[in-house]
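Chemist: Here this note's numbering is used: the first residue of the sequence shown is 6, the next is one more, and so on.
From the three backbone atoms N, C-alpha and C, an ideal C-beta is built for every residue, glycine too.
One structure, pasted below without further comment.
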Amino acid sequence: MTELLAKKRDGGTLSTEEIDFMIQGYTRGTIPDYQMSAMCMAILLRGMDERETLDMTMSMMHSGETLDLSPIHGVKADKHSTGGVGDKTSLVLCPMVAATGLKIAKMSGRGLGHTGGTIDKLESFPGFSTAISEETFFRNVNDIGIAIIGQTADLVPADKKIYALRDVTGTVPSIPLIVSSIMSKKLASGADVIVLDVKCGDGAFMKTEEDARRLAEGLTRVGRLAGRKCAAVITDMDQPLGYAVGNALEVKEAIAVLRGEAQGDLLELCLTLGACMMAEAGVALSVQEAKLELMETIENGSALGKLAAMVEAQGGDARAVYDPSLLPDAPLKLEVYAEQSGYVSHIRAEQVGLVSMHLGGGRATKEDVIDLSVGVVLRKKVGDRVAKGESLGTIHASDPQKAAEAYGMLRDCFELSAEPVETPPFIKAIIR
Ligand code: URA
6 MTELLAKKRD GGTLSTEEID FMIQGYTRGT IPDYQMSAMC MAILLRGMDE RETLDMTMSM
66 MHSGETLDLS PIHGVKADKH STGGVGDKTS LVLCPMVAAT GLKIAKMSGR GLGHTGGTID
126 KLESFPGFST AISEETFFRN VNDIGIAIIG QTADLVPADK KIYALRDVTG TVPSIPLIVS
186 SIMSKKLASG ADVIVLDVKC GDGAFMKTEE DARRLAEGLT RVGRLAGRKC AAVITDMDQP
246 LGYAVGNALE VKEAIAVLRG EAQGDLLELC LTLGACMMAE AGVALSVQEA KLELMETIEN
306 GSALGKLAAM VEAQGGDARA VYDPSLLPDA PLKLEVYAEQ SGYVSHIRAE QVGLVSMHLG
366 GGRATKEDVI DLSVGVVLRK KVGDRVAKGE SLGTIHASDP QKAAEAYGML RDCFELSAEP
426 VETPPFIKAI IR
C-alpha cells in the first residue's frame, strides 16, 4: 500500500490488481484507515482514468453481496439521485414506469442530514414494511411489477467504510470516488437499466453545470462499460424539488402528481427520467413518445394503482393512497409571511432541508427517530411574485417551540429581487 500511495501521489496509474488489493484489503481491515485516507486524498488531487475508475467500481461492487435479479422476468430498471431536498421522485417515477410494464426492483436508503430517503417516506403508510424477504421481493415484482426495499447490510461494504472516511477527510467531491461509490451500489443492485439524476447547484455536490456534466458522463460511462444501459439527467437544485419537504408531506405531494393534480418541476423530472428508462430499455422509440405513454399512466389511474398495489403487498394501508388524510398529519400549522414584496430569485434548498430536520423530520445520526408528519410546504417557487404579507410557505410541526424557531429559518431561505426573475431551465441536459 505504501508503494501504491507513492505511485498515485506522483500522478501514476494503478493497475487492476493494485486497485483490487487496496479495496479488498481495506474492506477486510488489513489496510488501515490512515493509508486509505491518504489514498482518497491522492485520488482527489491526481484523479483516476476511466479504466481505473471502472476497476475501482467493480472491486467495490464485489466487496460484498450482489443481488441477482434473474428470477424476475422482463427488463429491470433502477434510478439514482445524487441527493436533493424535497426529492420524492421515486414515489412518482417508479409506479409510473411499472405501469408501462418495466420492472422496478429497487433498493433505497434512509435519509441522513438535510436530505431525505425514500424508505422513510414510504414508512408514512401505516404498516408498510421495507424489510421483506428476498423471496417476497421477487414475487411482488413478478406479480405487480414493483417493490422497494431497504438496502441490505452486505451490499458494497467497501463503500460504507470508504464513504465514512471521505466524509471526515475532505475527500467527498472527487469525481472518480463519487462514480465508484454510486455505481458500485447500483451495479450490485442488479438492474439492466440505470438512470441517474445528477443534481447541480446550491443544494448539490456539484455546484456548476460543468462539474455535474463531468460526473454524469463518468457515471454513465462506467455503467455502460459494466454492461448496463445507462442515462443521466442533469437537473437544477437551486431550490427544493416540488413544494413539500418532509416525509408524509412529500408522499402527499407524490400522490397529488400521480392523481394528475400537480404539475411543475417534479412531474417534468419524473417524465424525463421515466422516458430515458423506457428509451434505454428499448420499449419506446423516442423520449418524446415515452413521455406521452407515461402521462397516460397518470390519466388512466394505472400509476396510482401500482403505488396502491405496492403499498398493500408490503403490508401498508393502501387506503391512504386514495385518501391521504390517513397519512401522518402534524398538529401545528404555521404560515411564514413575506416581509417585503418582490420576485423569488432563490430558495436555499439545503437550508429548507435543515428546517425540516430541525422540526424532527430528519436525522443528525443514524440512530435518531424521525417524526414523519413534520416539514415544510412551500407556497412560492423561484420566479413567483410575492406581495408583502403573503405566505411563502407553511411549517408543519409537532412542537410549538420548534415551530417558532423554524419561522425565521424558513423566511431566511427565500431571496427576493425587486426585478422579475426568469425561471432557469430545470432540466439542464440529458446524457444518453
Ligand atoms: N452519493 C453516494 O452514494 N456516494 C458519493 O460519493 C456521493 C453521493
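1. Span of the alpha helix (DSSP H) holding V316?
2. From G223 to V341, what does the alpha carbon distance come to, in whole angstroms?
3. Which residues does DSSP pair with F26 in a beta bridge?
4. With a 10 Å radius around its C-beta and 16 neighbouring C-beta atoms as the bar for buried, classify H78 as buried or exposed.
5. Taking C-alpha atoms, which residue in V177, A152, L98 lies nearest to S194?
6. Return yes when the C-beta of R219 is under 8 Å from any heavy atom of the ligand URA, and no when it is not.
7. On the three-state DSSP scale, how would you describe V177?
8. For T123, count neighbouring Cβ atoms within 10 angstroms of its own Cβ and tell me buried if that reaches 16, exposed if not.
9. Using DSSP's beta-bridge definition, name the partner residues of I436.
10. Could you tell me whether the stretch 64-73 touches the stretch 23-32, where touching means 3 or more Cβ pairs closer than 8 Å?
11. Compute every distance between the C-beta of F210 and the non-hydrogen atoms of the ligand URA, then say whether any falls below 8 Å.
12. Leaving out five residues on either side along the sequence, give the residues of the same chain with a beta carbon under 6 Å from the beta carbon of G394.
13. Check for me: the beta strand (DSSP E) holding K1 runs from which residue to which?
14. If we call anything under 9 Å between Cβ atoms a contact, is A323 one with A314?
15. Would DSSP call I137 helix, strand or coil?
16. Can we say the stretch 293-300 touches the stretch 354-373, given the rule of at least three CB pairs closer than 8 Å?
17. Under 5 Å, CB to any heavy atom of the ligand URA. Which residues pass, going along the chain?
18. Given a threshold of 16 other Cβ atoms within 10 Å of its Cβ, counted over all protein chains shown, does K126 qualify as buried or as exposed?
19. Buried or exposed: where does R437 fall if 16 or more other Cβ atoms within 10 Å of its Cβ makes it buried?
20. Could you give the first and the last residue of the continuous alpha helix (DSSP H) run that contains V256?
21. Any contact of the stretch 215-230 with the stretch 254-265, i.e. 3+ C-beta pairs under 8 Å?
22. Go ahead and pull the three-state DSSP assignment for V341.
23. Apart from the five residues on each side of it in sequence, which residues of its chain come closer than 6 Å, Cβ to Cβ, to M101?
24. What's the C-alpha gap between K234 and K204?
25. Taking 6 Å as the limit between beta carbons, can you name the residues of its chain near A402, skipping five residues before and five after?
26. What number of angstroms, rounded off, separates the C-alpha of E427 from the C-alpha of E344?
27. Alpha carbon to alpha carbon, how far is M46 from P162?
28. Identify the residues that DSSP records as bridge partners of S396: which are they?
29. Express the C-alpha separation of G118 and G370 in angstroms, rounding to a whole number.
30. Start and end of the beta strand (DSSP E) containing I352?
31. Below 8 Å on the Cβ atoms is my contact criterion, and I expect G106 with V288 to pass it. Report the Cβ-Cβ distance as a whole number of Å.
32. List in chain order: all unbroken alpha helix (DSSP H) runs of 4+ residues lying wholly within the stretch 190-223.
33. List the whole-angstrom C-beta distance separating G132 from N252, where the pair is believed to meet the contact cut-off of C-beta under 8 Å.
34. Could you pull out every residue in the same chain whose Cβ sits closer than 8 Å to the Cβ of P181, ignoring the five residues on either side in sequence?
Modeler: If we stick to the structure as given:
1. 307-318
2. 41 Å
3. Its beta-bridge partners do not exist; DSSP assigns none.
4. Exposed is the call here.
5. A152
6. no
7. Here V177 sits in coil by DSSP.
8. The residue in question, T123, is buried, as its Cβ has 16 or more Cβ neighbours within 10 Å.
9. A237
10. yes
11. yes
12. Excluding the 5 residues flanking it on each side, G394 has same chain C-beta neighbours closer than 6 Å at Y342, in chain order.
13. Lying before the first or after the last residue shown, residue 1 is absent from the chain, which here runs from 6 to 437.
14. Against a cut-off of 9 Å, the Cβ pair of A314 and A323 comes out as a contact.
15. coil
16. no
17. I183, S186, I187
18. buried
19. exposed
20. V256 -> alpha helix (DSSP H) spans 252-263.
21. no
22. strand
23. G279, L299, T302, A308
24. Rounded to the nearest angstrom, the two C-alpha atoms are 20 Å apart.
25. A335, L337, L364, V379, A408
26. 22 Å
27. 20 Å
28. Y342
29. In the sequence as displayed, the identity of residue 370 is Thr instead of Gly. Each residue's Cα considered, the two are about 8 Å apart.
30. 347-352
31. 7 Å
32. none
33. 15 Å between Cβ atoms; not a contact.
34. I48, G52, M53, E57, T58, M61, G223
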